[in-house]
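Colleague:
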Amino acid sequence: VTGTRCRVVFLAAVIAVLTAACASSSHPRTASTINQPLSRASSAGITLKLPPGWAFRLLPAPGGLVVADSSDNLKGLDVIGPRLTVVPSTSAPTPNTLIEHLDRSPMYSPTVSQQTFGRFKDVPTVQFSTAAKAASGDTIEMIPMTVAPGKTYLVTLETPSATWSDERGALEAILSAAAINTADFPG
Amino acid sequence: VFGRAGIVVALVASVLGGGRIPVSALPSTQCYNISGPWNTLQGGNRTLIFTFKQTGSAVTGTATDGAGLNGTFTGNVTGDHVDVIVTWNAKRADGSTLEGEYEATISHYTLTGTTHDVANPSSHTTWTSSHVDTRLCNGAPSNPEPPGPSSTAEEFWNFLQTLSDDHLLTDGAASGLLEKALKDGKATEDEFESKMGRDPDGFDIRALTIAAGLAQQKTASGASAYPSFVAVMPVLIRMTYHAHTDLDPQSRRNFMLASYRLIALLLRQDTAATQAGSS
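Which chain is which? The protein sequence lines are A and B, in order.
Every letter in the first sequence is one number past the one before it in our numbering, and letter 25, counting from 1, is 15.
In our numbering, each residue carries its 1-based index in the second sequence increased by 184.
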């Protein structure tokens, strides 16, 4: 039964990726390319208004979008400034995939709360830091934002911890002002 | 749990009179035997295994990072304090052999202290170490404090009660959802335990099981019924991992409680979205 379920989930993942690829085929092939200084960035039904000077890139699949305060801050594992990532969630990964790809890097001080982003209220948020000391490492906030039944974007806000309190507001404001067209959500 | 704790408190109070414990009646510093392997985290990012062999107050042993860095050490244990000097198979910049002094306070299952290069005392950093079978000097097991009302089992029960009180798992059409989620999430639970082992605290990972089960539920149209669980499963798995493996007991509990709270919020969000979609 587990094998059958794995095959079904794998098939669903393939379909989701293909669907996302087809949905984006009408746009220029900008995957993994860096774009600036456009004032808006859009992917998979969500459009973000960018502050002046910010850059964005599209993730190859499945419809992910990254915006940051500079093009140098779009790809690195460690952030060097404020960065926001949005990925439409389409299919559940299998248990073995989840465990095999488990991120074992340190997490400190997990904080779970709920916030309002634009017209979406009581959205759960998970905030943690990557270093034990308050001003070291990065601070990360993960936000599963459900915009319609069955449709959730996983949003990640990141900054160096030393500047989190200064830059968090700007990142959350970008998310609050996002224009969302659920008809374009992949899947 | 409450009953046993209450009886102990009552007995202590009756023996000592008036419920006040004189200072002279407090236990003196414990005497430990720390023989065995200890999983160690140094400076927040370096993992080591210290293997102690204690005879009386003298202690010898080995240390390794499992990737080529090895050391031997000698030292002593005095009451609840351990102090050893490790000679590493590594050199300082000046070519001399690296030696590190490690001091720590011993408690149930845990060593916590600081370390520094013997040649450079200002280079100190922290280290903490865990071991599942700490013994007292007389060979008796070093039992931790008996679990109180904030034990993991009770926290989990409170978590389920919260979901029930909020009609998230037991109301109307959702009846039986918990049972189904536990069944469908079993594969994730089994996979997690096969890779990570069972938690030394007896941490109950059924919350992860529930989340994994909910992530697999579909609506009649085939859409995900709980899409935010789909989105955050990697995060929940990671939180459970830290709740399972962090060397600091308080951190383990923090991660566990944070994952409970996250699950409750996700369930509330997805239930509202599903209801909005069906109305």
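Beta carbons are placed, not taken as given, at the ideal position from N, Cα and C, and that holds for glycine.
Note down the Cα distance separating R436 (chain B) from M380 (chain B), rounded to an integer number of angstroms.
Modeller: Computed Cα separation, rounded: 14 Å.
Colleague: Can T75 (chain A) and A415 (chain B) be called in contact, C-beta distance under 9 Å?
Modeller: Cβ atoms of T75 (chain A) and A415 (chain B): not closer than 9 Å.
Colleague: With respect to the beta strand (DSSP E) encompassing S291 (chain B), which residues constitute its N-terminal and C-terminal limits?
Modeller: Looking at the DSSP string, the run of the beta strand (DSSP E) that includes S291 (chain B) is T281 to S291.
Colleague: Exposed or buried, what is Q226 (chain B) when buried is set at 16 or more other beta-carbons lying within 10 Å of its beta-carbon?
Modeller: It counts as buried.
Colleague: With H, G and I counted as helix, E and B as strand and the rest as coil, what does DSSP make of S126 (chain A)?
Modeller: In this structure, S126 (chain A) counts as coil in the three-state DSSP scheme.
Colleague: Quick check: the stretch 77 to 89 of chain A against the stretch 162 to 170 of chain A, are there 3 or more CB pairs under 8 Å?
Modeller: Judged by Cβ distances under 8 Å, the stretch 77 to 89 of chain A makes no contact with the stretch 162 to 170 of chain A, as fewer than three pairs qualify.
Colleague: Measuring CB to CB, does T153 (chain A) end up less than 9 Å from G71 (chain A)?
Modeller: Yes. Within cutoff.
Colleague: Pick helix, strand or coil for A324 (chain B), following the three-state DSSP scheme.
Modeller: In the structure shown, A324 (chain B) sits in coil (DSSP, three-state: anything other than H, G, I, E or B).
Colleague: Evaluate Q453 (chain B) with the Cβ neighbour count: other Cβ atoms within 10 Å of its Cβ, from every protein chain shown; 16 or more gives buried, anything less gives exposed.
Modeller: Buried, since its Cβ has 16 or more Cβ neighbours within 10 Å.
Colleague: So, at 7 Å on beta carbons, what are the nonlocal neighbours of S99 (chain A) in its own chain, with the 5 sequence-adjacent residues on each side left out?
Modeller: Counting only Cβ-Cβ distances below 7 Å, and skipping sequence neighbours, we find F118 and S119.
Colleague: Can you check whether the CB of L88 (chain A) is closer than 9 Å to the CB of E339 (chain B)?
Modeller: Cβ distance not < 9 Å, so E339 (chain B) and L88 (chain A) don't count as in contact.
Colleague: Suppose the cutoff is 8 Å on Cβ atoms and the five residues either side in sequence are ignored; what does the same chain contact list for Q26 (chain A) look like?
Modeller: Confidence at Q26 (chain A) is low in this model, with a pLDDT of 49, below 50, so the placement of that residue should be treated as unreliable; the coordinate-derived value is given next. Counting only Cβ-Cβ distances below 8 Å, and skipping sequence neighbours, we find G43, W44, A45, F46 and S61.
Colleague: Quick check on Q226 (chain B) - is its C-beta less than 9 Å from some C-beta in chain A?
Modeller: It does not: the Cβ of Q226 (chain B) has no partner Cβ on chain A nearer than 9 Å.
Colleague: At a CB-CB cut-off below 7 Å, which residues of chain B make contact with N86 (chain A)?
Modeller: Residues of chain B passing the Cβ test: E375.
Colleague: What residues of chain B sit near S119 (chain A), judged by a beta carbon separation below 7 Å?
Modeller: Here the premise fails: no neighbours, minimum Cβ distance about 12 Å.
Colleague: Flag this pair as yes or no: are the beta carbons of I36 (chain A) and P78 (chain A) separated by less than 9 Å?
Modeller: Yes, the Cβ-Cβ distance between I36 (chain A) and P78 (chain A) is below 9 Å.
Colleague: Going along chain B in order, which residues have a C-beta closer than 8 Å to the C-beta of G66 (chain A)?
Modeller: The contacting residues do not exist; G66 (chain A) stays about 19 Å from chain B at best.
Colleague: By the three-class DSSP mapping on this structure, what secondary structure does F343 (chain B) have?
Modeller: Three-state result, F343 (chain B): helix.
Colleague: Three-state secondary structure (DSSP) at R94 (chain A)?
Modeller: The answer is coil: DSSP assigns R94 (chain A) none of H, G, I, E or B.
Colleague: Taking a cut of 7 Å between CB atoms, which residues from the stretch 413 to 429 of chain B lie near chain A?
Modeller: Residues passing the 7 Å Cβ filter: V414, A415, V416, M417, P418, V419, I421, R422, M423, Y425 and H426.
Colleague: Just grab the DSSP bridge partners of D267 (chain B) for me.
Modeller: Paired residues: B:N260 and B:E287.
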